[in-house]
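Here's the structure, in structure tokens; my notes come after.
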Amino acid sequence: MRQRSSILVWLVNLCLVAAISSGLAFSQKKSAAERLGFPPDSRLLIIHADDLGLGHGVNQASLTALEKRVITTGSIMLPCPWFTEVSAYVKGHPDVDLGLHLTLTSEWKSYRWGPLASRKEVQGLLDPAGYFWKDSPLVVKNARPEEVELELRAQIDTALRAGIRPTHLDSHMGTLFSPSFFPIYVKLAREYGLPFLALRAMTASPALSAHIKEADVFPDALFMATESLKSEGWIDFYLGVIRSLKPGLSEIIVHLGNDDAELQAIAEDHPAFGSAWRQRDFNIMTSPEFQNALKENHIILIGWKEIKKLLATGN
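Given below as structure tokens:
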């Protein structure tokens, strides 16, 4: 079974450590909760859906979940064929909380995509078949930073031309959390005036901390189902996350979709983050058990939109 990404697994592990340790992040005069206008002991939660644009079923499930407020935000993969469906939706829902899932990998067996920038100018991003590489370490090994910046700009500008006003940036498969590319990721976020997904615990890494400012707002803890989780333990995992949330800002990353013929074909021979996985995530997010757990534990749901507004005010 192909690993989703060693870089992404590293990030999730780092986030889980941060969830039980207060010694990694540098101190702030005010917590994220206080800066967002909540009492300091508030438990704020972002529920974020990755991979909009991947397929019709992913879009359908994710946008339904957003409309029902069972998730609070999501992010779009610009190079994917079903991006146009998302951009059409945004025209009728201009206030939807969607960011950009900056994408430099193409991990599926038969369903592939490549760059939006000129292929002649980003040769290091291309595998021998002419698509993006299938995993983050291959991108890090083969791509030059200037090629990465050119492609990321092309993706952001494509979104803006389509009328999307993104609320944040994040990274598909964690590729941009590599020390080689993290400075570019942060540079573009600041240039376009967007918050970006990172973690306060990243200040433990000198290669990353040099690019993080005290004013940046990041989750204190990040949670995501990984390949080690058995399907029968899915609901217990998510309920356990909700019950164990500490005061501060946390984020759950989910991958939503329909377990139908389309997504089964996309995820051929790739059960991790495949069609059944995404259907389970959708079923749990919309379940009474999960929704009741949020209420019983007094969880306050927010999105990246609130963080973007906060940073725009300079607070």
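Under my numbering, the residues of the sequence shown are numbered 988 to 1302, in order.
Beta carbons are placed, not taken as given, at the ideal position from N, Cα and C, and that holds for glycine.
Open item on the list: So the candidates are ILE1229, ALA1197, GLU1283 and THR1154; which of them puts its Cα closest to the Cα of LEU1087?
Closed with: Along the sequence shown, one-based indexing puts residue 1087 at 100. Taking only the C-alpha atoms, the option nearest LEU1087 is THR1154.
Task: Run of the beta strand (DSSP E) containing ARG1030, from where it starts to where it stops - done: The residue you call residue 1030 lines up with position 43 of the sequence shown. Its beta strand (DSSP E) spans residues 1030–1039.
Task: Secondary structure of VAL1109, DSSP reduced to three states - done: Walking along the sequence shown from the start, residue 1109 turns up at place 122. Coil.
TODO: Rank LEU1147, TYR1076, THR1051 and PHE1164 by C-alpha distance to the C-alpha of PRO1193 and give the top, closest one.
DONE: On the sequence shown, position 206 is the one that residue 1193 refers to. Checked all of LEU1147, TYR1076, THR1051 and PHE1164; the closest Cα to PRO1193 is PHE1164.
Open item on the list: Check whether the region 1132–1144 and the region 1167–1179 are in contact - that is, three or more C-beta pairs closer than 8 Å.
Closed with: yes
Task: Sequence ranges, alpha helix (DSSP H) only - wholly within the region 1224–1299, length at least 4 - done: 1248–1253, 1262–1272 and 1275–1283
Open item on the list: With distance defined between alpha-carbon atoms, name the residue in ALA1202, LYS1128, GLU1214 and ASN1270 nearest to THR1300.
Closed with: Here residue 1300 corresponds to residue number 313 of the sequence shown, with the count starting at 1. The shortest Cα separation from THR1300 among ALA1202, LYS1128, GLU1214 and ASN1270 belongs to ALA1202.
- [ ] Give the secondary structure of PHE1210 by DSSP, where H, G and I count as helix, E and B as strand, and everything else as coil.
- [x] As a position in the sequence shown, residue 1210 is number 223, starting the count at 1. Residue state, collapsed to three classes: strand.
Task: Backbone secondary structure at ASP1122 - three-state DSSP - done: Here residue 1122 refers to the residue found at position 135 of the sequence shown. Residue state, collapsed to three classes: coil.
- [ ] Give the single residue among LEU1216, GLY1024, ASP1122 and ARG1230 whose Cα lies nearest to the Cα of GLU1283.
- [x] What you label residue 1283 is simply residue 296 of the sequence shown in a count that begins at 1. The residue with the shortest Cα to Cα distance from GLU1283 is ARG1230.
Task: Identity of the residue in SER1105, ALA1212, PHE1224 and ILE1289 nearest ARG1265 by Cα - done: On the sequence shown, residue 1265 is found 278 positions in, with the first residue counted as 1. Cα-wise, what sits closest to ARG1265 is ALA1212.
Task: Check whether PHE1205 and LEU1186 have beta carbons under 8 Å apart - done: Within the sequence shown, numbered from 1, the residue matching residue 1205 stands at position 218. Within the sequence shown, numbered from 1, the residue matching residue 1186 stands at position 199. Yes, they are a contact pair.
Open item on the list: Please state the DSSP three-state secondary structure of HIS1361.
Closed with: Look at the range of the chain in this structure, 988 to 1302, and you will see that residue 1361 is not part of it.
TODO: Determine the extent of the alpha helix (DSSP H) in which ILE1063 is found, giving its start and end residues.
DONE: Working through the sequence shown from its first residue, we reach residue 1063 at position 76. Here ILE1063 belongs to no alpha helix (DSSP H); instead the beta strand (DSSP E) covers 1060–1063.
- [ ] Examine the Cβ distances between the region 1252–1263 and the region 1223–1238 and report whether three or more of them are shorter than 8 Å.
- [x] no
Open item on the list: If distances are taken between C-alpha atoms only, which option among LEU1103, LEU1216 and VAL1241 comes closest to ALA1052?
Closed with: Counting from one through the sequence shown, the residue named residue 1052 turns up at place 65. Comparing Cα-Cα distances from ALA1052 to each of LEU1103, LEU1216 and VAL1241, the minimum goes to VAL1241.
TODO: List the whole-angstrom C-beta distance separating ALA1130 from GLY1111, where the pair is believed to meet the contact cut-off of C-beta under 8 Å.
DONE: Position 143 of the sequence shown, counting from 1, holds the residue named residue 1130. Position 124 of the sequence shown, counting from 1, holds the residue named residue 1111. Sure, about 4 Å apart at Cβ, within 8 Å.
Task: CA nearest to the CA of ILE1199, picked from VAL1127, ASP1028, PRO1170 and ASN1279 - done: Numbered from 1 along the sequence shown, position 212 holds the residue referred to as residue 1199. Among VAL1127, ASP1028, PRO1170 and ASN1279, the Cα nearest to that of ILE1199 belongs to PRO1170.
Open item on the list: Which residue marks the beginning of the alpha helix (DSSP H) containing LEU1175, and which one marks its end?
Closed with: As a position in the sequence shown, residue 1175 is number 188, starting the count at 1. Residues 1169–1178.
- [ ] Taking the CB atoms as reference points, tell me whether LEU1243 and PHE1269 lie closer together than 8 Å.
- [x] On the sequence shown, residue 1243 is found 256 positions in, with the first residue counted as 1. On the sequence shown, residue 1269 is found 282 positions in, with the first residue counted as 1. Yes, these two residues count as a Cβ contact at 8 Å.
Open item on the list: LEU1065 and THR1090 - do their beta-carbons sit closer together than 8 Å?
Closed with: The residue given as residue 1090 occupies position 103 in the sequence shown. The residue given as residue 1065 occupies position 78 in the sequence shown. A contact, by the Cβ cut-off of 8 Å.
- [ ] Could you tell me whether the region 1099–1110 touches the region 1073–1082, where touching means 3 or more Cβ pairs closer than 8 Å?
- [x] no
Open item on the list: For a test of the three-state rule: what should DSSP assign to SER1165, helix, strand or coil?
Closed with: As a first step, residue 1165 must be located in the sequence shown, where it is residue number 178. SER1165 falls in the coil class under three-state DSSP.
Task: Residue span of the alpha helix (DSSP H) that contains LEU1103, given as start and end - done: The sequence position of residue 1103 within the sequence shown is 116, counting from 1. Element bounds for LEU1103: n/a, residue is neither H nor E.
Task: Cutoff 6 Å; reference LYS1292; Cβ partners in own chain excluding five residues on either side - done: Here residue 1292 refers to the residue found at position 305 of the sequence shown. Counting only Cβ-Cβ distances below 6 Å, and skipping sequence neighbours, we find ASP1084 and THR1154.
TODO: Verify whether the separation of the beta carbon atoms of LEU1039 and ILE1063 is less than 8 Å.
DONE: The residue labelled residue 1039 in the question sits at position 52 within the sequence shown. The residue labelled residue 1063 in the question sits at position 76 within the sequence shown. Result yes, Cβ atoms of LEU1039 and ILE1063 sit closer than 8 Å.
Open item on the list: I need the DSSP call for PHE1183, collapsed to helix, strand or coil.
Closed with: Taking the sequence shown and counting its residues from 1, the one referred to as residue 1183 is at position 196. Note: PHE1183 maps to strand in three-state DSSP.
- [ ] Please say whether TRP1069 and LEU1032 have beta carbons closer to each other than 8 Å?
- [x] Indexing the sequence shown from 1 puts residue 1032 at position 45. Indexing the sequence shown from 1 puts residue 1069 at position 82. No, they are not a contact pair.
Task: Start-to-end residues for the alpha helix (DSSP H) that takes in SER1049 - done: Counted from its first residue, the sequence shown places residue 1049 at position 62. 1043–1054 is the extent of the alpha helix (DSSP H) around SER1049.
Task: Three-state class that DSSP yields for ASP1144 in the structure shown - done: The residue you call residue 1144 lines up with position 157 of the sequence shown. Here ASP1144 sits in helix by DSSP.
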